[in-house]
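Asker:
Chains as they are written, first to last, in our numbering: chain A, 3 to 249; chain B, 3 to 249.
Here's what the structure looks like:
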């Protein structure tokens, strides 16, 4: 595993499926998936309690820790990693630097996923690059996701199938309705008739799309009713950044 | 204008701005843009009456006119065009064929826009290719949009600026809020500091994103109140196809 993030997560997990330290416990009843649909009320498709904190804004803003500072208590490993990834020593990670850090010798992270990550963990001052706060949040989130991915990749092939992805997303707090799962599958269906599988890159891409859109939906559904009322402007402004981030 | 669609529209318009036959009349008061915002109710950002009919489903389904048939009354010019664009004579237009047909000698239509068009005008049986019905709907729509684009491209440079695009979209029935316009501008902002301009390709891409999302919103806002209530599943299923179509 030559990837920077890959090394980190592999070290942390000691190549063991059962010791991913920051990963949540496995869903005990993945067969309850989609139950919110039939019960109707107060059972949205996402968990109310169990959410990681990915956004830079959760750390109280850049100014609290100095212009280029890390959140208090950041692991020295994260700081060392930031310095290694920041090849041009600009104090920021750009998309090329992040792509290189995420890619391993045998698996390249797509620029599309990299852009999506930079968008979702965006720096409020310069949305095209990540500062220390954003990098730390991304690091913590990807460590958790790597652990979850490895738990479901039972044969250690580096790939999971669509049902395993559904269960993995459930483990991360997102109970994806089957219609949504079908759309996520079609994103990677090359129409060859082969079964769709996800490597870590595509798992992160699909999961981050689900996560990003779900967070936006929750902003409009503060009482967790499972539905939300949006104005036309809200609706358009919520969706367009996802399209823009893909350009 | 070596493009196939370009030739069609140039011929129809006789290179005159004032005679675009299928284009709607110019908005008499483009400065009323965004008025729905301040008035609050019953003033959505899109026109209730004035909508072109882009979707293949408006033609009553493929089976009504035979598997490979055109809608009744289709101009012979459209049928000839379909046969010319359908290079492999499969009875369907695929993305490469459509891209070639839309591109002119000096301006290539992006595959991204082509995929968005195939998605928005999709064939209910095979969503990756266009049949005669879908092609006819696309042809009519692009003819109208070309006329609108040329009316706002006053210096005939082949480009319009962001304010002209806003007015052109208004002319097509979409009053885009300024926050949404800003997002559309950022889609083409290369951060060089240069003013963002749109050629016909990017005008079609932005306009089709607005059109496609607005149509989806209207399905949930049948009484034109300007807001809509969506379940989580609705919300996700509405947005994901737009992301998928960009892949």
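No residue lacks a Cβ here, since even glycine has one placed at the ideal position from N, Cα and C.
Keep in mind the model is a prediction, meaning the values are calculated, not measured.
Go through its chain and collect everything with a Cβ distance to residue 159(A)'s Cβ below 8 angstroms, but skip five positions before and after it.
Answerer: none
Asker: Is the CB-CB distance between residue 81(A) and residue 94(A) below 8 angstroms?
Answerer: Not in contact: residue 81(A) and residue 94(A) (Cβ atoms no closer than 8 angstroms).
Asker: Taking all protein chains shown into account, do 16 or more other C-beta atoms lie within 10 angstroms of the C-beta of residue 126(A), making it buried, or fewer, making it exposed?
Answerer: exposed
Asker: Answer with yes or no whether the minimum CB distance from residue 235(A) to chain B is below 8 angstroms.
Answerer: yes
Asker: List the DSSP bridge partners of residue 233(A).
Answerer: 229(B)
Asker: Suppose you measure from the CA of residue 88(B) to the CA of residue 147(A); what does that come to, to the nearest Å?
Answerer: 45 angstroms
Asker: Report the rounded CA-to-CA distance for residue 113(A) versus residue 152(B), giving the unit in angstroms.
Answerer: 35 angstroms
Asker: Where does residue 163(B) sit, in a helix, a strand or coil, going by DSSP?
Answerer: strand
Asker: Taking the alpha-carbon positions, what's the residue 162(A) to residue 204(A) distance?
Answerer: 10 angstroms
Asker: Among 77(B), 118(B) and 96(B), which one has its Cα closest to the Cα of residue 214(B)?
Answerer: 118(B)
Asker: Could you check the C-alpha separation between residue 241(A) and residue 185(B) for me, to the nearest Å?
Answerer: Here the alpha carbon of residue 241(A) sits roughly 10 angstroms from the alpha carbon of residue 185(B).
Asker: Is the separation between the beta-carbon of residue 187(A) and that of residue 164(A) shorter than 8 angstroms?
Answerer: yes
Asker: For residue 36(A), does the three-state DSSP call read helix, strand or coil?
Answerer: With a pLDDT of 35 at residue 36(A), under the threshold of 50, the modelled position of this residue cannot be trusted; read the value that follows with caution. Here residue 36(A) sits in coil by DSSP.
Asker: Based on the DSSP secondary-structure assignment, which residues constitute the bridge partners of residue 199(B)?
Answerer: 163(B)
Asker: Quick one: does residue 245(B) have its CB under 8 angstroms from some CB of chain A?
Answerer: yes
Asker: According to the Cβ coordinates, are residue 230(A) and residue 219(A) closer than 8 angstroms?
Answerer: yes
Asker: Can you tell which of 235(A), 189(A), 196(A) and 195(A) has its C-alpha closest to the C-alpha of residue 246(B)?
Answerer: That would be 189(A), whose Cα lies nearest to the Cα of residue 246(B).
Asker: Assign residue 83(B) to one of two classes, buried (16 or more other C-beta atoms within 10 Å of its C-beta) or exposed (fewer than that).
Answerer: buried
Asker: Return the Cβ separation of residue 233(B) and residue 228(A) in integer angstroms, given the expectation that the two are a contact with Cβ distance under 8 angstroms.
Answerer: About 6 angstroms separates the two Cβ atoms, so the contact holds.
Asker: Of all Cβ atoms in chain A, is any one closer than 8 angstroms to the Cβ of residue 149(B)?
Answerer: no
Asker: When you check each C-beta in the stretch 209–230 of chain B against every C-beta of chain A, which residues fall closer than 7 angstroms?
Answerer: The residues in question are 211, 215, 219, 228, 229 and 230.
Asker: Looking at the C-beta of residue 239(A), does it have a partner C-beta in chain B at a distance below 8 angstroms?
Answerer: yes
Asker: Measure how close the beta-carbons of residue 239(B) and residue 181(A) come, nearest whole angstrom, since I'm counting them as under 8 angstroms.
Answerer: 5 angstroms
Asker: Could you work out which residue in 208(B), 122(B), 131(B) and 224(B) is closest to residue 97(B) when comparing CA atoms only?
Answerer: 131(B)
Asker: What are the boundary residues of the alpha helix (DSSP H) that residue 146(A) is part of?
Answerer: 134–154
Asker: For my contact list, residue 136(B) and residue 123(B) are in at a C-beta cut-off of 8 angstroms; report their separation, rounded to the angstrom.
Answerer: 5 angstroms
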